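Everything below concerns the one structure shown next.
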Amino acid sequence: MPLGSYEQHGPHLPLDTDTCIAAALAERAVELPFVVVASPLAYGASGEHRGFPGTLSMGTACLAEVVVELVRSARTSCSGVVVVNAHGGNGEALELARRRCQAEGDQVRVWNATIESGDAHAGRTETSLMLAIAPDSVRLGAIHPGRLEPLQQLWPELRSAGVRAVSPNGVLGDPTLASADEGLRILEALSARLIAVLRSWWSEIEFVTSATSAR
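For the sequence shown, the working numbering assigns the number 9 to the initial residue and increments by one for each residue that follows.
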């Protein structure tokens, strides 16, 4: 299940950037015979982007409830649910949902599309990915740098006041350095990681299912 958000990504990227990235990664996993891709969940917990036009957020508690209900509804058709998450702000909700679902006996995994060397938001990394995934959605004439400090340095103010207080244009990074070629390399690296993890998790699920049947 691809999970993104509907939030500002600077003046140059679409509001559904995270959802586009999550969906593109999930679609690349359909080469595995045991994978079925659900429609993306396009809204997430984006409270840190409040104050920017267009941002819509369902919040942490609501997102957790939605994921739990979707996992419950998948019990009769799937051996497990993997959430492919492309928005960091969804992390708390997904941890809450994972714990509840596993307590109910469901196989739920969360995979986060993170790049260790990437910038934080609407910068070089996400802009490169969108130039590779949906180039027509990128407004090239509106690309401008945002705050360039490391996220760790900005984090205290981000948590207390949100992104707008830190970066008026909503960008954390330098999208002027982005390229479609880099985006394709990032997409391929993330896809390879996701597919490897899915293979490993499927082996675990098959083992648990076989052990349960044997009893």
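In this text, a Cβ means the ideal position worked out from N, Cα and C, and glycines have one as well.
As the structure is a prediction and not an experimental result, all values here were calculated from the model.
Which of the three DSSP states, helix, strand or coil, is assigned to residue 177? coil
Can you tell me whether residue 59 is buried or exposed? The criterion is at least 16 other CB atoms within 10 Å of its CB, across all chains shown. exposed
Using a Cβ-Cβ cut-off of 6 Å (strictly less than) and excluding sequence neighbours within five positions of residue 268, which residues of its own chain qualify? The requested residue 268 is not part of the displayed model; the chain covers only 9 to 223.
Going by the CB atoms, is the gap between residue 102 and residue 166 shorter than 9 Å? no
For residue 20 and residue 30, I'd like the C-alpha separation in whole angstroms. Going from the Cα of residue 20 to the Cα of residue 30 covers about 19 Å.
So, helix, strand or coil for residue 19, using DSSP? coil
Helix, strand or coil for residue 99 per DSSP? helix
Based on the DSSP output, what are the partners of residue 65 in its beta bridges? BP columns for residue 65 point to 52.
Which residues does DSSP list as the beta-bridge partners of residue 129? 180
Taking its Cβ as the centre, do 16 or more other Cβ atoms sit within 10 Å of residue 169, making it buried, or is it exposed? exposed
Please state the DSSP three-state secondary structure of residue 156. coil
Considering only DSSP beta bridges, list what residue 10 is partnered with. 92
DSSP bridge partner residues for residue 117 (one or two, in chain order): 90
Ignore the nearest five residues each way along the sequence and tell me which others in residue 118's own chain have a CB closer than 7 Å to its CB. 91, 93, 102 and 106
Counting C-beta neighbours from all protein chains within 10 Å, is the total for residue 121 16 or more, i.e. buried, or is it exposed? buried
Apart from the five residues just before and just after residue 110, which ones in its own chain have a Cβ nearer than 7 Å to its Cβ? 116
Under 9 Å, do residue 132 and residue 173 count as touching if we go by C-beta distance? no
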